[in-house]
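Each remark here refers to the structure printed beneath this line.
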Ligand SMILES: Nc1ncnc2c1ncn2[C@@H]1O[C@H](COP(=O)(O)OP(=O)(O)OP(=O)(O)O)[C@@H](O)[C@H]1O
Ligand SMILES: [Mg+2]
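Okay, here's the thing in structure tokens:
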């Protein structure tokens, strides 16, 4: 499994556009691809018209024992799946729990 994360402190430089397009191209190349949106803005999720189910709100993915399979949503594109973001991720970010939790996953 290959994990790719895009990060830049500067706003509006194309992070989201790059993530969405890299994920799409990866799936187009035949790789089973999961785009995990951990930005509370939820822009990647917006691109795919996806909203997370309330039961698996973003913070729970970091703080509770939620099965990731329950959070994965299909997109309109073959081999491309998504874990959508919501504003609960703000708390995970603020409290510094997102990083270690992602490592544990
Ligand atoms: N290669 C590109 N060519 C032209 N426009 C682009 C390109 N990449 C991104 N954009 C546009 O630039 C704007 C900012 O892109 P994007 O939302 O991906 O940035 P971001 O770094 O994720 O921003 P934020 O910090 O707000 O999350 C968007 O309107 C997007 O459509
Ligand atoms: Mg963005």
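Residue numbers (my numbering): 1310 to 1414.
Where is the CB? At the ideal position from N, CA and C, for every residue including glycine.
This one's a predicted model, so the numbers in the text were calculated from it and none came from an experiment.
Check, Outcome
"Heavy atom of ligand 2 within 7 Å of residue 1352 beta-carbon", "yes"
"Close Cβ partners of residue 1340 (< 8 Å) along its chain, the five nearest in sequence each way excluded", "1388"
"Test item, CB below 5 Å from any non-hydrogen atom of ligand 1", "1320, 1321, 1322, 1323, 1324, 1325, 1326"
"Spatial distance of residue 1345 from residue 1396 (CA atoms)", "14 Å"
"DSSP state of residue 1331 mapped onto helix, strand, coil", "helix"
"Continuous beta strand (DSSP E) stretch holding residue 1389: start and end", "1389–1392"
"Segment limits, alpha helix (DSSP H) that includes residue 1315", "No alpha helix (DSSP H) contains residue 1315, which DSSP labels as neither H nor E."
"Residue 1346: CB within 7 Å of a non-hydrogen atom of ligand 3", "As presented, the structure is devoid of ligand 3, carrying ligand 1 and ligand 2 as its sole ligands."
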